[in-house]
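The numbering of the sequence shown is the working numbering, which starts it at 697 and goes up by one.
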Amino acid sequence: MSLTQLNKFKIVFSDFDGTLTFKEGLSPVFFEIINLLESKKVPLVIVTGRSLSWGHFLLTHFPFLRDVIVEGGGAIVSRSGKFITEECLVSKSDVLKLADFTKDFAEEFPNIKLSVDSFGRKTDRAIELHDLQDGVLFHHIEDFLRDRSINFSTSNVHLNFWCGEVSKFMAVDHFLKKHKSIDTDCVFFGDSLNDQAMFKSFKNSVGVSNISTVMHLLEFKPTTILKGDENIGPFGVLNYLQNNL
Ligand SMILES: [Mg+2]
697 MSLTQLNKFK
707 IVFSDFDGTL
717 TFKEGLSPVF
727 FEIINLLESK
737 KVPLVIVTGR
747 SLSWGHFLLT
757 HFPFLRDVIV
767 EGGGAIVSRS
777 GKFITEECLV
787 SKSDVLKLAD
797 FTKDFAEEFP
807 NIKLSVDSFG
817 RKTDRAIELH
827 DLQDGVLFHH
837 IEDFLRDRSI
847 NFSTSNVHLN
857 FWCGEVSKFM
867 AVDHFLKKHK
877 SIDTDCVFFG
887 DSLNDQAMFK
897 SFKNSVGVSN
907 ISTVMHLLEF
917 KPTTILKGDE
927 NIGPFGVLNY
937 LQNNL
């Protein structure tokens with residue numbers, strides 16, 4: 697029997713910002729998580745609102761990672777031998793519709809800049825939340841997105857918007873079917889509003905303790921909710937995996 701068969705979880709899925717990062721950065725505990733999963737031969741698939749170009753960066757710099765789901769589920773970036781490949785989960789027409797809408801958005805809100813990494817985005821666009829401290833402006837933007845039937849969500853760092861049906865769960869579900877795995881053999885870690893689709897539909901989900909700041913806004917909650925400072929972000933992920941893998 698291989699080591700993988702002895703593990704409770706065959707694949708670990710995790711959000712990135714606020715879940716695998718601590719105080720907006722990578723910390724030694726992130727590498728402890730990577731080392732633990734590598735030693736157990738359990739793949740880690742990061743499921744993030746970060747851009748396609750971020751997915752490329754993660755795969756390039758962390759050889760243990762084989763796949764990264766990016767742009768909130770809009771695309772999957774994978775390593776295939778020496779090559780990094782991209783699978784877009786959004787139709788061409790929705791990618792073009794988003795490009796057209798982005799021009800309209802710039803005309804409507806000339807003083808709002810898209811996040812710098814929007815240059816590396818294909819299936820969504822992002823605005824830095826710290827540029828949206830003005831609550832009235834934030835609501836105007838939300839109303840404009842709603843009026844134009846543009847989907848949107850917030851992560852710890854961004855307001856993301858996109859066209860078409862996209863969610864972290866839909867992308868994970870697609871990934872599992874492709875790899876002939878089932879969600880009961882997997883676990884997902886998250887901490888924010890853009891993880892809700894996973895909390896709603898995925899069998900095993902874990903909220904790290906900093907999720908408490910948005911708990912009142914969550915319609916769907918994780919099946920396990922960690923508590924205490926010792927379970928903030930990646931510390932919670934590591935503690936849970938050490939006790940449950
Ligand atoms: Mg997050």
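Here a beta-carbon is modelled for each residue, glycine too, at the ideal position from N, C-alpha and C.
Please read all numbers here as calculations on a predicted model, not as lab measurements.
For residue i, the first and last residue of its enclosing beta strand (DSSP E)
{"i": "Asn847", "result": "847-850"}
{"i": "Leu740", "result": "740-743"}
{"i": "Ser749", "result": "No beta strand (DSSP E) holds Ser749; the alpha helix (DSSP H) holding it covers 748-757."}
Same chain, Cβ closer than 7 Å to residue i, neighbours up to 5 away in sequence not counted
{"i": "Lys923", "result": "Ser905"}
{"i": "Gln892", "result": "Leu914, Glu915, Phe916"}
{"i": "Asp790", "result": "Cys859, Gly860"}
{"i": "Lys704", "result": "Asn940, Leu941"}
{"i": "Pro759", "result": "none"}
Boundaries of the alpha helix (DSSP H) in which residue i is found, first to last residue
{"i": "Phe672", "result": "Lying outside 697 to 941, the shown extent of the chain, residue 672 is not represented and no answer is given."}
{"i": "Phe871", "result": "864-874"}
{"i": "Asp839", "result": "831-843"}
{"i": "Thr781", "result": "Careful: Thr781 lies outside any alpha helix (DSSP H), inside the beta strand (DSSP E) at 779-784."}
{"i": "Ile878", "result": "Careful: Ile878 lies outside any alpha helix (DSSP H) and carries neither H nor E."}
{"i": "Val933", "result": "929-940"}
{"i": "Lys896", "result": "892-897"}
Close Cβ partners of residue i (< 8 Å) along its chain, the five nearest in sequence each way excluded
{"i": "Ser787", "result": "Gly860"}
{"i": "Cys784", "result": "Gly770, Ala771, Val791, Lys818, Thr819"}
{"i": "Met866", "result": "Gly769, Leu785, Ala893"}
Per DSSP, cross-strand counterpart(s) of residue i
{"i": "Asn856", "result": "Ala822, Ser849"}
{"i": "Phe885", "result": "Ser710, Val902"}
{"i": "Ile765", "result": "Val743, Ile772"}
{"i": "Ile921", "result": "Gly903"}
{"i": "Gly721", "result": "Phe718"}
Other residues of its chain near residue i: CB distance less than 6 Å, five sequence neighbours each side excluded
{"i": "Lys793", "result": "Cys859"}
{"i": "Tyr936", "result": "Val902"}
{"i": "Asn852", "result": "Asp713, Gly714, Ser888"}
{"i": "Ile921", "result": "Gly903"}
{"i": "Ser814", "result": "Arg821, Ala822"}
Nearest-angstrom beta carbon gap, residue j and residue i [assumed within contact, 8 Å]
{"i": "Leu889", "j": "His854", "result": "At roughly 11 Å, the Cβ-Cβ gap does not stay under 8 Å, so Leu889 and His854 are not in contact."}
{"i": "Ile765", "j": "Val741", "result": "6 Å"}
{"i": "Arg821", "j": "Leu828", "result": "Contact flag wrong, Cβ pair sits at about 14 Å."}
Q: Could you tell me whether the region 869-879 touches the region 749-758, using the rule of 3 or more Cβ pairs below 8 Å?
A: By the Cβ criterion, the region 869-879 is not in contact with the region 749-758, since fewer than three pairs of Cβ atoms, one from each stretch, lie closer than 8 Å.
Q: Take every Cβ of the region 728-736, pair it with every Cβ of the region 829-836, and state whether three or more of those distances are shorter than 8 Å.
A: No, the region 728-736 does not touch the region 829-836.
Q. Is there contact here, the region 880-889 with the region 704-714, by at least three beta-carbon pairs under 8 Å?
A. With a cut-off of 8 Å, the region 704-714 and the region 880-889 count as touching, because enough Cβ pairs lie within range.
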